[in-house]
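**Q**
Residue numbers (this note's numbering): 13 to 191.
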C-alpha cells in the first residue's frame, strides 16, 4: 500500500450496526507492507464485546489504485477487559438503596451482601450493614437492603468489591461512591 494514504488516519472509520462510532483514529502507522496499526483517542467510546466494522477508504496501492469497495471492510471485536463500576446510587427508602452499574453484572457475585459496605463519610467507624443484595431484571441495577436506617443529611460512602460483569471481570480495588 502507499504509505502516504495508508498512514492518513482520516481514511479509517469504525461502525457499530451501521452507525459511526464516535472515536476516531488519531494516528495510523504502517507496520509492514500491508499492515496498519491505528491509535485511538477515547477508547472508552469504542464498544466492547460486540462485532464492529472497520471501513477503509481512499487508501491506494503503490500503483495508485484505490482499495476496492469489495475489500475495504473487516469485522472485529474488542474484548471487555474492564471490571464494572458503580455509575449511580439512589436512596429508595430508609433501608433500601438502588445501585446502578455501568454494565450488566453477574448475579452470582452481585447478590453477595458482604461485597457491599456502607460507611458514614465523615465518621468512617459508623457503618450501615447491608443485609441483602438483589440483582434486578436488567442486570445493571442491584437493590441493597440495609440493616439499619439511613440518617438524613449524612453523606455515605458505598464500597463495592468482588462484583463481576458478564465477562468475569471483577472489581479488585474497591469501587467507592459517595451518596
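Every residue gets a Cβ at the ideal spot worked out from N, C-alpha and C, and that includes glycine.
All values derive from a computational prediction rather than experimental measurement.
How about residue 110 and residue 153: are their beta carbons less than 9 Å apart?
**A** Here residue 110 is taken as the residue at index 98 of the chain shown, counted from 1. Here residue 153 is taken as the residue at index 141 of the chain shown, counted from 1. Yes, the pair counts as a contact, with Cβ atoms nearer than the cut-off.
**Q** Does the Cβ-Cβ distance between residue 125 and residue 142 come in under 9 Å?
**A** For the purposes of this step, residue 125 is taken as residue 113 along the chain shown, with counting starting at 1. For the purposes of this step, residue 142 is taken as residue 130 along the chain shown, with counting starting at 1. Yes.
**Q** Taking 9 Å as the threshold (C-beta atoms), are residue 84 and residue 62 in contact?
**A** Start at 1 with the first residue of the chain shown, and residue 62 comes out as number 50. Start at 1 with the first residue of the chain shown, and residue 84 comes out as number 72. Taking 9 Å as the Cβ cut-off, residue 62 and residue 84 do not qualify as a contacting pair.
**Q** Candidates 21, 177, 167: which alpha carbon is nearest residue 191's?
**A** As a working mapping, residue 191 is identified with position 179 in the chain shown. Selected option, being the one with the closest Cα: 167.
**Q** Looking only at its chain, what residues have a beta carbon closer than 6 Å to the beta carbon of residue 95, apart from the 5 residues adjacent to it on each side?
**A** Start at 1 with the first residue of the chain shown, and residue 95 comes out as number 83. The residues are 181, 182, 183.
**Q** Can you tell me the Cβ-Cβ gap for residue 127 and residue 174, rounded? I've got them flagged as a contact below 8 Å.
**A** To locate residue 127, count along the chain shown from 1; it is residue 115. To locate residue 174, count along the chain shown from 1; it is residue 162. Going by Cβ atoms, the distance from residue 127 to residue 174 rounds to 5 Å, so yes, they are a contact pair.
**Q** Using a threshold of 9 Å, state whether the C-beta atoms of residue 51 and residue 43 are closer than that.
**A** For the purposes of this step, residue 51 is taken as residue 39 along the chain shown, with counting starting at 1. For the purposes of this step, residue 43 is taken as residue 31 along the chain shown, with counting starting at 1. Contact flag unset, no.
**Q** Thinking C-alpha only, which one of 99, 59, 115, 187 is nearest residue 90?
**A** Position 78 of the chain shown, counting from 1, holds the residue named residue 90. Ranking 99, 59, 115, 187 by Cα distance to residue 90 puts 59 first.
**Q** How big is the Cα-Cα spacing for residue 172 and residue 164?
**A** Taking the chain shown and counting its residues from 1, the one referred to as residue 172 is at position 160. Taking the chain shown and counting its residues from 1, the one referred to as residue 164 is at position 152. Roughly 22 Å between the two C-alpha positions.
**Q** From the DSSP output, which residues share a beta bridge with residue 180?
**A** Indexing the chain shown from 1 puts residue 180 at position 168. For residue 180, which the question treats as bridged, DSSP gives no partner whatsoever.
**Q** Could you give the distance in angstroms between the alpha-carbon of residue 144 and the alpha-carbon of residue 155?
**A** For this step, residue 144 is matched to residue 132 along the chain shown. For this step, residue 155 is matched to residue 143 along the chain shown. Rounded to whole angstroms, residue 144 to residue 155 spans 8 Å at the Cα level.
**Q** Residue 97 by DSSP, collapsed to three states: which one?
**A** The residue you call residue 97 lines up with position 85 of the chain shown. Reduced to three states, the DSSP call for residue 97 is coil.
**Q** Applying the 10 Å Cβ sphere with the 16-neighbour rule, what's the burial state of residue 98?
**A** Your numbering for residue 98 matches position 86 in the chain shown. It counts as buried.
**Q** With residue 28 and residue 64 assumed to form a contact (beta carbons below 8 Å), what rounded beta-carbon distance in angstroms separates them?
**A** Here residue 28 refers to the residue found at position 16 when the chain shown is read from its first residue. Here residue 64 refers to the residue found at position 52 when the chain shown is read from its first residue. Rounded, the Cβ-Cβ distance is 6 Å, consistent with contact.
**Q** Check for me: the alpha helix (DSSP H) holding residue 72 runs from which residue to which?
**A** Indexing the chain shown from 1 puts residue 72 at position 60. Run containing residue 72: none; DSSP gives neither H nor E here.
**Q** So if DSSP puts residue 110 in a beta bridge, which residue, or which two residues, is it bridged to?
**A** Counting from 1 along the chain shown, the entry for residue 110 is found at position 98. Paired residue(s): 102, 155.
**Q** Is the Cβ-Cβ distance between residue 106 and residue 158 less than 9 Å?
**A** If you number the chain shown from 1, residue 106 lands on position 94. If you number the chain shown from 1, residue 158 lands on position 146. In this structure, residue 158 lies closer than 9 Å to residue 106 by Cβ.
**Q** With a cut-off of 8 Å on the beta carbons, I'd call residue 92 and residue 179 a contact; round off their distance for me.
**A** For the purposes of this step, residue 92 is taken as residue 80 along the chain shown, with counting starting at 1. For the purposes of this step, residue 179 is taken as residue 167 along the chain shown, with counting starting at 1. Yes, residue 92 and residue 179 are in contact; Cβ-Cβ is about 4 Å, under 8 Å.
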